[in-house]
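Please read the structure below before turning to the comments.
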Amino acid sequence: MLKGKTAVVTGGTRGIGFAVVRKFLENGAAVALWGSRQETVDGALAKLRAENPDWKVIGMSPDLGSLQEVEAAMNRVKEQLGRVDILVNNAGISARESLYDYKEEDFEKITDLNLNAVFRCSKAAAVLMKEQGGGVILNTSSMVSIYGQAAGVGYPASKFGVNGLTKSLARELGRDHIRVNAVAPGVIRTDMVAALPKELIEPLIRTIPLGRVGEPEDVANAFLFLASDLASYVTGEILSVDGAAMT
Numbered sequence: 119m120l121k122g123k124t125a126v127v128t129g130g131t132r133g134i135g136f137a138v139v140r141k142f143l144e145n146g147a148a149v150a151l152w153g154s155r156q157e158t159v160d161g162a163l164a165k166l167r168a169e170n171p172d173w174k175v176i177g178m179s180p181d182l183g184s185l186q187e188v189e190a191a192m193n194r195v196k197e198q199l200g201r202v203d204i205l206v207n208n209a210g211i212s213a214r215e216s217l218y219d220y221k222e223e224d225f226e227k228i229t230d231l232n233l234n235a236v237f238r239c240s241k242a243a244a245v246l247m248k249e250q251g252g253g254v255i256l257n258t259s260s261m262v263s264i265y266g267q268a269a270g271v272g273y274p275a276s277k278f279g280v281n282g283l284t285k286s287l288a289r290e291l292g293r294d295h296i297r298v299n300a301v302a303p304g305v306i307r308t309d310m311v312a313a314l315p316k317e318l319i320e321p322l323i324r325t326i327p328l329g330r331v332g333e334p335e336d337v338a339n340a341f342l343f344l345a346s347d348l349a350s351y352v353t354g355e356i357l358s359v360d361g362a363a364m365t
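Residues 119 to 365 in this note's numbering are what the sequence shown spells out, letter by letter.
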């Protein structure tokens, strides 16, 4: 579904991001995997190359807090892989502190990675995509961007911002043949969720109409659809992948 395409995936060393990288590679794309530390990037690359040495995948660890570093890394991807067709803004962090305990610097840290970095990466990629005649920008949102959550206000606030950025960029960049969408996962079996004790997970599952926790591949499939030509007339959408959960 992505044969001949080149993708950049931020936060691609584990969890949903790693599943997206693998799914894109399985579907013929060349992928630049970005992570916060070169050590984890190298580990993810080794795992992928052991799985299939024919996959075309490279890795980088630019500082997403610097537009200059992001632009330089995006240009290196173009130099090494030829073009940038797809950007998946997946890097992010969360927290669940009460408002009464929330520190201003922690709120700013979450906002900078979850929202500001999406702006930086999208800006850098859009310049290249416009030059080549189009592309696709995909963002990782969250179910809590729609429903909120009972603590840790920085995370849902930042993801609500991602939704606004997604819809606005879709309207702005459509004339340049750049589609912009987001995927809003629900409760997904990442490392954090997998480590939860049974007594916490079972009541959580009972709140999900489909009766199970989602898998990273469920989310990766949504990204694959939105990245592919099957979604050629889809832009400005926030696609929920949450089993109809509401928490």
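Built from N, CA and C at the ideal position, the CB exists for glycine as well.
Legend entry - Counted within 10 angstroms of its Cβ, other Cβ atoms place Tyr351 as buried (16 or more) or exposed: Numbered from 1 along the sequence shown, position 233 holds the residue referred to as residue 351. Flag for Tyr351 reads exposed.
Inset, instruction - List the endpoints of the continuous beta strand (DSSP E) containing Ala363. - result: Position 245 of the sequence shown, counted from the first residue, corresponds to residue 363. Annotation: Ala363 is outside any beta strand (DSSP E) and is labelled neither H nor E by DSSP.
Legend entry - 8 Å Cβ shell around Pro327 - same chain, five flanking residues per side excluded: Residue 327 sits at position 209 when you count from the first residue of the sequence shown. Taken in chain order, the residues that qualify are Gly361, Ala362 and Ala363.
Legend entry - Unbroken stretches of the alpha helix (DSSP H), 4 residues or longer, contained in the stretch 302-343: Taking 4 residues as the shortest admissible run, the stretch 302-343 contains the following complete alpha helix (DSSP H) segments, listed from N- to C-terminal end: 309-312 and 316-324.
Legend entry - Selected residue, minimal CA-CA separation from Gly332, among Ala275, Asn208 and Ala137: Looking up residue 332 in the sequence shown gives position 214. Nearest C-alpha to Gly332: Ala137.
Inset, instruction - Below 8 Å CB to CB, which residues in the same chain sit around Asn170 once its five sequence neighbours on both sides are set aside? - result: Counting from one through the sequence shown, the residue named residue 170 turns up at place 52. So the list reads Leu143, once near-sequence residues are dropped.
Legend entry - Rounded separation between Val139 and Leu199 - CA only: Within the sequence shown, the letter at position 21 stands for residue 139. Within the sequence shown, the letter at position 81 stands for residue 199. Rounded to whole angstroms, Val139 to Leu199 spans 15 Å at the Cα level.
Inset, instruction - Measure the alpha-carbon distance for Asp172 versus Asp203 and round it to whole angstroms. - result: Taking the first residue of the sequence shown as position 1, residue 172 is located at position 54. Taking the first residue of the sequence shown as position 1, residue 203 is located at position 85. So the alpha carbons of these two residues sit roughly 20 Å apart.
Legend entry - Where the beta strand (DSSP E) through Leu166 begins and ends: Reading the sequence shown from its first residue, position 48 is the one you call residue 166. From DSSP, Leu166 is part of no beta strand (DSSP E) but of the alpha helix (DSSP H) over Gln156 to Glu169.
Legend entry - Cβ-based burial, Ala286 [other Cβ within 10 Å; buried from 16]: Reading the sequence shown from its first residue, position 168 is the one you call residue 286. The sequence shown places Ser at residue 286, rather than the Ala named in the question. It counts as exposed.
Legend entry - CB contact flag (Glu335, Asn299, <9 Å): Residue mapping note: residue 335 aligns to position 217 of the sequence shown, counting from 1. Residue mapping note: residue 299 aligns to position 181 of the sequence shown, counting from 1. By the CB criterion at 9 Å, Glu335 and Asn299 fall outside the cutoff.
Inset, instruction - Sort Arg155, Gly177 and Ser154 by Cα distance to Ala164 and report the nearest one. - result: Against the sequence shown, residue 164 aligns to sequence position 46. Nearest C-alpha to Ala164: Gly177.
Inset, instruction - Name the residue from Leu217, Lys277, Lys196 and Leu256 whose alpha carbon lies nearest to the alpha carbon of Leu233. - result: Along the sequence shown, one-based indexing puts residue 233 at 115. Residue Lys277 is the option with its Cα nearest to Leu233.
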